[in-house]
Amino acid sequence: MPAPANAGRKYPAEPLTPDEAQALIDAITGRGPLAVRNRALVALMWRSGLRVSEALALRPADVDERQGTVRVREGKGRKDRVAVIDSRGLGYVRAWTEVRRGLGLNGRQPLFCSVGAGAQRQAGQPLDPSYVRRLLPKLGTAAGIDKRVHPHGLRHTMATEMVERGLPLHVIAGQLGHSSTATTDTYLAKLMPSDRIKAMRAAGWDLDEQP
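Heads up: the sequence shown begins at 1 in UniProt numbering, then just goes up one per residue.
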């Protein structure tokens, strides 16, 4: 598997807003299998917080529409977990599942797999994470998003939303697949230093005074 072009480089986290994340999905135009698949993939990564490798390893049976869950069978550290997904994400996945079935694909093949048929690329083959890493910046440009858009940014977006909704640390840790809440605490401190912002506002760094 080729390493990302930015391997080894550190960038500041730039979580997307929910509107920006939706704009990425809306930038995928068309009704063909490729467009339906890509909309479902971006939606699932955003609404569940899965890593790109975890999303691409899913099988159709790993998505439980009745419970609204996604089973990650081998996440980071070779640990499995169950992530929650909402109706918005499931709607896109459901549309892809129907198209996927029409292509003659079965449950043994990855949920998000190739749709092309031919000598070089058969339908049903696994996707490489590098494909998603190339796709998302293009969608960001098409959607007019000035932030750096990449797979882990969708995970940042989900984490930020969970913090803003007041979910406890252990719930966020479980959703993201972190081994401990200490890992999540460090992760969130870099992502959005809400505690520091709150403390400084209380100490007088407010937004009420005008120059």
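The beta-carbon is built from N, C-alpha and C at its ideal position, and this holds for glycine as well.
Keep in mind the model is a prediction, meaning the values are calculated, not measured.
DSSP-derived helix/strand/coil call for residue i
i, result
"Ala-83", "strand"
"Pro-193", "coil"
"Pro-126", "strand"
"Arg-108", "coil"
"Gly-204", "coil"
"Glu-20", "helix"
Short Cβ contact (8 Å threshold) for residue i with residue j
i, j, result
"Val-72", "Val-63", "no"
"Leu-191", "Ala-159", "yes"
"Leu-56", "Leu-127", "yes"
"Gly-49", "Ala-21", "no"
"Gly-140", "Leu-24", "yes"
"Lys-138", "Glu-14", "no"
"Thr-157", "Leu-44", "no"
"Pro-129", "Ser-53", "yes"
"Leu-188", "Val-171", "no"
"residue 214", "Ala-95", "Summary: the structure shown does not reach residue 214, with the chain confined to residues 1 through 211, and so no result is reported for it."
"Arg-88", "Arg-39", "no"
"Gly-177", "Arg-81", "yes"
"Arg-12", "Glu-161", "Just to set this straight, residue 12 is Pro in the shown sequence, not Arg. Contact: no."
Identified DSSP bridge partners for residue i
i, result
"Arg-71", "Val-82"
"Val-63", "Val-70"
Given residue i as reference, the closest of the options once Cα atoms are compared
i, options, result
"Gly-32", "Pro-110, Ser-114 and Arg-88", "Ser-114"
"Ala-173", "Arg-165, Thr-183 and Gly-166", "Thr-183"
"Pro-60", "Asp-19, Gly-144 and Val-99", "Val-99"
"His-150", "Arg-165, Val-132 and Leu-167", "Val-132"
"Gly-91", "Asp-80, Glu-65 and Lys-76", "Glu-65"
"Val-93", "Asp-80, Lys-76 and Phe-112", "Phe-112"
"Val-180", "Ala-202, Leu-154 and Lys-76", "Just to set this straight, residue 180 is Ser in the shown sequence, not Val. Comparing Cα-Cα distances from Ser-180 to each of Ala-202, Leu-154 and Lys-76, the minimum goes to Lys-76."
Touching by the beta-carbon criterion (3+ pairs, under 8 Å), the region 195-206 and the region 103-112: no
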